[in-house]
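Peer 1:
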Amino acid sequence: MHKGYLSLVLHGHLPYVRHPEHEDFLEEDWLYEAITETYVPLILVFERLVNDKVNFRITMTLSPTLISMLSDALLQERYLKHINRLIELAHREIERTRWQPDFHNLALMYLSEFSKARDTFLRYNRNLVNAFKNFQDLGNLEIITCGATHGYFPLMDVHRESVRAQVRVAVSHYESVFGRKPRGIWLPECGYYPGQDEILKEAGIRYFISDSHGVLHGTPRPKYGVFAPVYCKGTGVACFARDLESSKQVWSSIEGYPGDYNYREFYRDIGFDLEYDYIKPYIHPDGVRINTGIKYYRITGSGNNKEAYIPHLAQKKAAEQAGNFMFNRQKQMEYLNDFMQKKPIIISPYDAELFGHWWYEGPMWIEFLIRKIAFDQDEIRLITPSEYLNEFPRNQVITPSMSSWGWKGYSEMWLQGSNDWIYRHLHVASEKMTELAKGYPQVNGLLRRALNQALRELLLAQSSDWAFILGTGTHTEYAMRRTKDHILRFNRLYEEIKSNTVDQDWLADIEYKDNIFPGIDYQAHQ
Amino acid sequence: MVRIKKTKKNILKSPLRKSKKLGALKAGVTQKTEPRKDFIGAQETTVGTAKFSHPEVSRMPRIFPQELPSQYGVDKMVLMVRDPWWLYSYWELKNSTVERLKSELKDEFYRAKRILRVYDVTNIIFNGANANRFFDIQIHEFANNWYIDAGSPGRSWCVDLGLQLSDGRFITILRSNVVQTPLDGPSWITDEEWMIPDDMFARLYGMGFGQGKSSPVGKDWRKRIISSPGIASMASPVKKPQKKGFWLRVDCELIVYGASEPDAKVTVQGKPINLRPDGTFTLRFALPDGKQVIPVKAVSADNAEDRVITPIVTRETR
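Residue numbers (the working numbering), protein chains in the order written: chain A, 244 to 769; chain B, 5 to 322.
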């Protein structure tokens, strides 16, 4: 008889990066790398599990910006070009490493992986959203939504109309893609501000995920800590909180799994290591060295000396750590059973891009974990939050506390000296957008296009990713540019709409560049 | 005449209040201690950063968009919550508002102090006069944003930008929205229907934070997340690859090239290779230490003839 539930939540998100105006745009690689290293490997894990009839449940965010990029014909075309180039490089590497058997075997491994990535990509008609939708339709995956462009809600609270637009646009986009409403939402950066659950309720969303202290510091005290959901006072929207013990096992830079010395070293890539003329066709056209994805070394130790990666040792480690993770959850359940009157749920949320991209062995670890849970024990079961709510509909009512899963647990990552200047621009734009939505309740034609584009520009400017990159203080140029571009475009649209002088050519140009959410309705901003 | 002029410097550099906490944070920028302390959000930040790969050297400058407007011609003051202790406010004043104040107050305007009046408005509907308490922060004339050490979590706040006249009168110029800071520990309010003994909650609380089963309520959380000097000294929450000292790396590759009849079958060390349409070929090998014997064999299309040439290369690294 099982003692409790484990809910793995993978948060898949990338900001909208698509530049049709440039032949080759470096930041688009964020998507291509994530496809090859995270999304395809996860899809292959899910496929194997389904083929082997392994019962499993995973909850996964696909942010609206990520879905939009995965479904975009231009980016699909460019990904194919990208993966073909990588396959060519892998072939050359197989030849080049002929006298270095350790590296040679790895080059063969990369060729096989890149070929599988291309095959998988083509098998799903170039649109990997189809793959995730299949697993949702099979009942193995619960796909939840996110803020339309991953805006950080707590710092938008002064203009809740923008929070509402983030949620409404996301929900209608989800419906158009998956044919039903989302049951849950990943609040961008787990950013919760009390009262914003009202907006989730209006949109028909049943639950969201918060960080541990969102519930633990809620009022009144949550009886079961983070091990049962709570309902938000006044709205009844459920809040599931992250269990930090299971998180730390995976995330922690000290005791976390991904730091094992047998695992692949993220920072040694042939894009930086190999002779310039040889690698030049595979790095940035400007000639700037970048990661290619071919990495030959294992972490080895804390020093700079790195040794060759040995796949079967890494695999053994991943299996061992999956067993360790399961064992610890079993212990947690046993302990919790002593003083809970219902079955506990352990929420373990992670950035999806942690798996495969950052932690190369991550997808393998997930597969081992799922198989072990299915076959080696019966104390814990996998569940999705909405299934848990169906089984245990009676839960305590509290007001969760403002919180995020970012640096220090609150808003500082997105509100510090290097990025606080953006809010005076964003907030004025929010205010103007509300004014437009009220002032033009029903228009058609050019004016309507301009109003819809204004909302697109505002949403794109709000992505928390820009503030995040500005906050890290390195390579801020692109984030700065995106913030400015979208705000300036918004401001100009506002002026042209108000004076009824919309420049049709310019509008067409920014519609072409910022083409996200074709079905957007500016009235969502209320 | 004093004019309100917003310079770029004003907007980008926030006048941080000198305080121990932020002082330490700032000092940390130059510290070289290896950031090994674990803290909330550290790995989330690392993984988040890894998503956004960048080249290590900056590339060609791109065309920069024009600058954002330095003001929007509005009177607006916004208050935001950074964390349980700190608030952030920014504001903008119309020139006409400043001019009006000047003409009303005459010389008094120039003698007055610029003040942020921070009201604790917890559990009340604030009407300007009924705050639970307030405190003042004197700011300089050109400031247009401020980090405010509110100092008590779980309270509601409202801020006025105003002038304190020489006779002590306070004139409000702008008033912010109301915000609420979160608690920095568990609530003391319990729910009768969902009662839990304190010691049990303490255990659950510790578990929720991955601190084992016996951590005292609240203490660990505060210690670990906020007041730890290990955190305050973090220059940036991003893990960077270890800084190398001075270094040198050398490796060798070998290029083997040649030509035969375009339709010949050529093998190198027994493995077939492709010729270019003109019959030439180029191979590139990483060259490890030791001796490499590299027989290159060409067989004519009709299998009637063959040639073998065998370069032998030795690499020795000292």
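For every residue, glycine included, the Cβ atom is placed at its ideal position computed from N, Cα and C. A quick note: this is a predicted structure, and the numbers were derived from the prediction, not measured.
(1) Would the beta-carbon of residue 700 of chain A fall within 9 Å of that of residue 736 of chain A?
(2) Taking 9 Å as the threshold (C-beta atoms), are residue 475 of chain A and residue 440 of chain A in contact?
(3) Tell me, please, whether the stretch 477-486 of chain A touches the stretch 455-466 of chain A by the rule of three or more beta-carbon pairs shorter than 8 Å.
(4) Is DSSP giving residue 81 of chain B helix, strand or coil here?
(5) Per DSSP, which one or two residues make a beta bridge with residue 276 of chain B?
(6) Against residue 639 of chain A, what residues of chain B qualify as contacts under a CB-to-CB distance less than 9 Å, listed in chain order?
(7) Are the CB atoms of residue 632 of chain A and residue 789 of chain A within a distance shorter than 9 Å?
(8) Roughly how many angstroms separate the alpha carbons of residue 275 of chain B and residue 291 of chain B, rounded to a whole number?
(9) Using 9 Å as the limit for Cβ to Cβ distance, is residue 746 of chain A near chain B?
(10) Flag residue 64 of chain B as yes if its beta-carbon sits less than 9 Å from any beta-carbon of chain A, otherwise no.
(11) Can you pull the chain B neighbours of residue 509 of chain A, defined as C-beta to C-beta under 8 Å?
(12) My output table needs one value for residue 501 of chain A: the three-state DSSP class, helix, strand or coil.
(13) Determine whether the beta carbon atoms of residue 608 of chain A and residue 561 of chain A lie at a separation below 9 Å.
(14) Classify residue 162 of chain B as buried or exposed, calling it buried when 16 or more other Cβ atoms lie within 10 Å of its own Cβ.
(15) Let's test the definition: count the other Cβ atoms within 10 Å of the Cβ of residue 717 of chain A and tell me whether it reaches 16, buried, or not, exposed.
(16) Which residues bound the alpha helix (DSSP H) around residue 740 of chain A?
(17) Show which residues of chain A have a CB atom less than 7 Å away from the CB atom of residue 190 of chain B.
(18) Once DSSP output is grouped into helix, strand and coil, what is the label at residue 309 of chain B?
(19) So what does DSSP say about residue 262 of chain A, is it helix, strand or coil?
(20) Rounded to the nearest angstrom, what separates residue 327 of chain A and residue 590 of chain A at their Cα positions?
(21) Taking the CB atoms as reference points, tell me whether residue 600 of chain A and residue 385 of chain A lie closer together than 9 Å.
(22) Apart from the five residues just before and just after residue 240 of chain B, which ones in its own chain have a Cβ nearer than 6 Å to its Cβ?
(23) Give every residue of the same chain whose Cβ lies closer than 6 Å to the Cβ of residue 400 of chain A, excluding the five residues on either side of it in the sequence, and list them in chain order.
(24) Can you tell me whether residue 377 of chain A is helix, strand or coil according to DSSP?
(25) So, is residue 728 of chain A buried or exposed, given that buried needs 16 or more other C-beta atoms within 10 angstroms?
(26) Please look up how many angstroms separate the CB atoms of residue 91 of chain B and residue 182 of chain B, rounded, as I've assumed it's under 8 Å.
(27) Going by beta carbon distance, what residues of the same chain come within less than 6 Å of residue 649 of chain A, once the five residues before and after it are set aside?
(28) Shortest alpha-carbon distance to residue 352 of chain A belongs to which of A/553, A/465, A/581 and A/681?
(29) To test your reading of the DSSP string, which unbroken alpha helix (DSSP H) runs of 4 or more residues are found completely within the stretch 254-330 of chain A?
(30) Give every residue of the same chain whose Cβ lies closer than 8 Å to the Cβ of residue 659 of chain A, excluding the five residues on either side of it in the sequence, and list them in chain order.
(31) Counting only beta-carbon separations shorter than 9 Å, does residue 648 of chain A have a partner in chain B?
(32) Using a Cβ-Cβ distance cut-off of 9 Å, determine whether residue 92 of chain B contacts chain A.
(33) I'd like to know whether the C-beta of residue 397 of chain A is nearer than 9 Å to at least one C-beta of chain B.
(34) Closest Cβ-Cβ distance between residue 268 of chain B and chain A: below 9 Å?
(35) I'd like to know if the stretch 460-470 of chain A and the stretch 529-537 of chain A are in contact, where contact means that at least 3 CB-CB pairs between them fall below 8 Å.
(36) Measuring only from the beta carbon, is residue 157 of chain B closer than 8 Å to any heavy atom that is part of the ligand MG?
Peer 2: Short version:
(1) Closer than 9 Å, so yes.
(2) Going by C-beta atoms, residue 440 of chain A is nearer than 9 Å to residue 475 of chain A.
(3) Under the three-pair Cβ rule at 8 Å, the stretch 477-486 of chain A counts as touching the stretch 455-466 of chain A.
(4) The answer is strand: DSSP assigns residue 81 of chain B an E or B state.
(5) Looking at the DSSP output, residue 276 of chain B sits in a beta bridge with B/271.
(6) Contact note: residue 639 of chain A reaches chain B through 195, 197 and 198, using a C-beta cutoff of 9 Å and chain order.
(7) Here chain A covers residues 244 to 769 and nothing more, so residue 789 of chain A does not appear.
(8) Each residue's CA atom was taken as its position, placing residue 275 of chain B and residue 291 of chain B some 17 Å apart.
(9) So no, residue 746 of chain A is outside the interface.
(10) Its pLDDT being 46, under 50, residue 64 of chain B is placed unreliably by the model, and nothing is read from it.
(11) 54, listed in chain order.
(12) Residue 501 of chain A: helix per DSSP, three-state reduction.
(13) Yes, these two residues count as a Cβ contact at 9 Å.
(14) A residue is called buried once 16 or more other Cβ atoms fall within 10 Å of its Cβ, and residue 162 of chain B is buried on that count.
(15) Here residue 717 of chain A is exposed. Its C-beta has fewer than 16 other C-beta atoms within 10 Å.
(16) Its alpha helix (DSSP H) spans residues 720-741.
(17) Listed along chain A, the residues sitting closer than 7 Å to residue 190 of chain B by beta-carbon distance are 459, 460 and 464.
(18) In the displayed model, residue 309 of chain B falls within coil according to three-state DSSP, outside both helix and strand.
(19) Residue 262 of chain A carries a coil assignment under DSSP once its states are collapsed to helix, strand and coil.
(20) Straight across, the Cα-Cα distance linking residue 327 of chain A with residue 590 of chain A is about 38 Å.
(21) The beta carbons of residue 600 of chain A and residue 385 of chain A sit no closer together than 9 Å.
(22) A caution first: residue 240 of chain B carries a pLDDT of 32, below 50, which makes its placement in the model unreliable, though a value can still be read off. Within the same chain, residue 240 of chain B has no close Cβ partners at all.
(23) Only residues of its own chain outside the window of five on either side were considered, and among them 436 have a CB closer than 6 Å to the CB of residue 400 of chain A, listed in chain order.
(24) Of the three classes helix, strand and coil, the one that applies to residue 377 of chain A here is helix, per DSSP.
(25) Residue 728 of chain A comes out buried.
(26) The C-beta distance from residue 91 of chain B to residue 182 of chain B rounds to 11 Å, too long to fall under 8 Å, and the pair is not in contact.
(27) 432 and 656, listed in sequence order.
(28) Closest option to residue 352 of chain A, Cα to Cα, is A/553.
(29) Listed in chain order, the complete alpha helix (DSSP H) runs (minimum 4 residues) inside the stretch 254-330 of chain A are 272-277, 283-294 and 307-313.
(30) Counting only Cβ-Cβ distances below 8 Å, and skipping sequence neighbours, we find 714.
(31) Contacts with chain B at 9 Å (Cβ-Cβ) include residue 648 of chain A.
(32) With 9 Å as the cut-off, residue 92 of chain B counts as an interface residue toward chain A.
(33) For residue 397 of chain A, the answer is yes, since a Cβ of chain B falls inside 9 Å of its Cβ.
(34) Contact with chain A is absent for residue 268 of chain B, since none of that chain's Cβ atoms lies less than 9 Å from the residue's Cβ.
(35) Because the criterion of three Cβ pairs below 8 Å is not met, the stretch 460-470 of chain A and the stretch 529-537 of chain A do not touch.
(36) You won't find the ligand MG in this model; it holds no ligand whatsoever.
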